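Chemist: In this note's numbering, the protein residues as written are 4 to 372.
1) Can residue 157 and residue 114 be called in contact, C-beta distance under 7 Å?
2) Exposed or buried, what is residue 296 when buried is set at 16 or more other beta-carbons lying within 10 Å of its beta-carbon?
3) Please classify residue 377: does DSSP put it in a helix, a strand, or coil?
4) So the candidates are 254, 79, 253 and 323; which of them puts its Cα closest to the Cα of residue 111?
5) Taking the straight line between their C-alpha atoms, what separation do you get for residue 229 and residue 129?
6) Straight-line CA distance for residue 217 to residue 269?
7) With three or more C-beta pairs closer than 8 Å as the rule, is the region 349-361 touching the region 294-310?
8) If we call anything under 7 Å between Cβ atoms a contact, is residue 309 one with residue 337?
9) Please determine if the region 321-339 and the region 276-283 are in contact, where contact requires at least 3 C-beta pairs separated by less than 8 Å.
10) State buried or exposed for residue 340, treating a residue as buried only when at least 16 other CB atoms are found within 10 Å of its CB.
11) Can you say whether residue 2 is buried or exposed, counting buried as having 16 or more other CB atoms within 10 angstroms of its CB?
12) Under three-state DSSP, which class holds residue 198?
13) Are the beta-carbon atoms of residue 266 and residue 302 separated by less than 7 Å?
14) Identify whether residue 266 lies in helix, strand or coil by the three-state DSSP scheme.
15) Comparing alpha-carbon positions, which option in 126, 108 and 327 lies nearest residue 172?
16) Name the residue from 213, 169, 44 and 89 whose alpha carbon lies nearest to the alpha carbon of residue 148.
17) Could you have a look at residue 169 and say whether DSSP puts it in helix, strand or coil?
18) Indicate the three-state DSSP secondary structure (helix, strand or coil) for residue 360 in the structure shown.
19) Looking at residue 88 and residue 42, is the spacing between their C-beta atoms short of 7 Å?
20) Is residue 249 helix, strand or coil when you go by DSSP?
21) Taking all protein chains shown into account, decide if residue 408 is buried (16 or more other Cβ within 10 angstroms of its Cβ) or exposed.
22) Among all the DSSP beta bridges, which residues are the ones paired with residue 326?
23) Contact check, residue 254 vs residue 331 under 8 Å by CB: the rounded distance?
24) Closer than 7 Å, CB to CB, is residue 107 near chain C or not?
25) CB-CB under 7 Å to residue 359, same chain, minus the five flanking residues each way: which ones, in chain order?
26) Give the single residue among 241, 261 and 118 whose Cα lies nearest to the Cα of residue 166.
27) Just to check my reading of the structure: residue 69 and residue 57 have Cβ atoms closer than 8 Å, yes? What is that Cβ distance to the nearest angstrom?
28) Using only the alpha-carbon positions, how far apart do residue 60 and residue 51 sit?
29) Within 10 angstroms of its Cβ, does residue 329 collect 16 or more other Cβ (buried), or is it exposed?
30) Specify, as a first and last residue, the run of the beta strand (DSSP E) that residue 234 falls within.
31) Along the chain, where does the beta strand (DSSP E) that runs through residue 240 open and close?
32) Just checking my contact of residue 235 with residue 152 at CB under 8 Å: how many whole Å lie between their CB atoms?
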């Protein structure tokens with residue numbers, strides 16, 4: 004039965020002209036199709052104009068980010084226009100109720116999709132502005148780390164809220180919602196006791212987003228391994244070893260146990276090289292050779308270099324050279340380069356500096372004197 008606009012069924016009071024057309028009942032389906040088609044066309048045009056305006060306003064600086072929200076925003080716009088157009092259709096109360104329940108499922112899903120896309124777009128903006136490829140990337144790594152962890156939390160929250168809104172549109176679930184909320188506390192205690200390790204890492208992941216013991220691209224020593232932080236999630240951290248192996252470490256490991264972080268405040272590091280030479284070695288010549296190797300290397304950042312005798316035993320002396328580099332990888336390569344250069348110098352120019360074992364033979368005449 005066709006309802007009057009402004010009556011019990013949905014309708015627009017200002018659109019009485021549709022009723023004045025006196026469309027026959029057998030052609031009312033054509034009227035519905037025409038109204039919905041016009042609404043879809045108007046939605047697509049409005050969406051195109053809006054996207055075009057945003058592109059011109061942002062000068063396409065974040066064009067990849069705009070691509071994330073373009074598709075979900077198009078469908079949301081279509082859903083909104085179609086929702087308004089349904090008030091003009093000749094439908095009865097039962098049909099209107101069916102459409103209302105369908106909209107209760109579709110509309111929250113579309114808006115959840117749009118919210119998720121917009122949230123991911125914000126994370127993309129952070130990733131674009133926080134460039135970790137620069138030399139001094141401490142601030143960028145801090146922003147990237149927080150964005151990754153908080154992004155996972157926000158994504159989970161958006162999905163959870165969207166599902167709840169969709170379920171609340173179903174009358175059967177809405178009626179038992181109070182009972183479910185009342186039992187949520189007891190269920191939470193039971194689940195928390197059963198999943199204590201997982202919840203422990205989850206809470207530790209949230210804590211890591213603010214305390215920042217490690218960040219993305221940090222160089223740390225874990226399990227006696229030199230590693231670089233590659234991925235941080237809410238429950239575990241993936242680190243890359245020097246030979247491209249991956250080590251998966253629980254997040255709680257970085258909050259409960261000590262570890263070395265070589266890039267906590269800055270990526271610049273000081274490396275050390277040790278040599279063990281004969282006590283008769285000319286330390287001044289070795290120092291000059293080491294400093295020449297450091298200063299002649301393109302990996303040295305020019306901040307500091309020195310060589311000192313740090314220890315002595317009965318058979319050898321220990322020489323330590325210190326040198327600085329812009330990051331951990333460069334410091335490692337610089338140390339290897341200087342170590343090889345000084346060894347080549349000692350082998351070619353000072354063979355007497357090589358460690359020798361001195362023993363006193365029993366038949367040595369000097370022993371009886």
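Note that beta-carbon positions come from the ideal geometry of N, C-alpha and C, so glycine has one too. Computed from a predicted structure; not experimentally measured.
Modeler: Put simply:
1) no
2) buried
3) Missing from the structure shown is residue 377; the chain here goes from 4 to 372 and no further.
4) 79
5) 28 Å
6) 12 Å
7) no
8) no
9) yes
10) buried
11) The first residue shown for the chain is 4 and the last is 372, placing residue 2 beyond what the model contains.
12) Because residue 198 sits at a pLDDT of 48, beneath the cut-off of 50, its placement in the model cannot be relied upon, and the point is left open.
13) no
14) coil
15) 108
16) 213
17) helix
18) coil
19) yes
20) strand
21) No answer is possible for residue 408: it lies beyond the span of the chain, which begins at 4 and ends at 372.
22) 274 and 308
23) At roughly 22 Å, the Cβ-Cβ gap does not stay under 8 Å, so residue 254 and residue 331 are not in contact.
24) Note that chain C does not occur in the displayed structure, where there is just one protein chain.
25) 281
26) 118
27) 6 Å
28) 14 Å
29) buried
30) 228-235
31) 239-244
32) 6 Å
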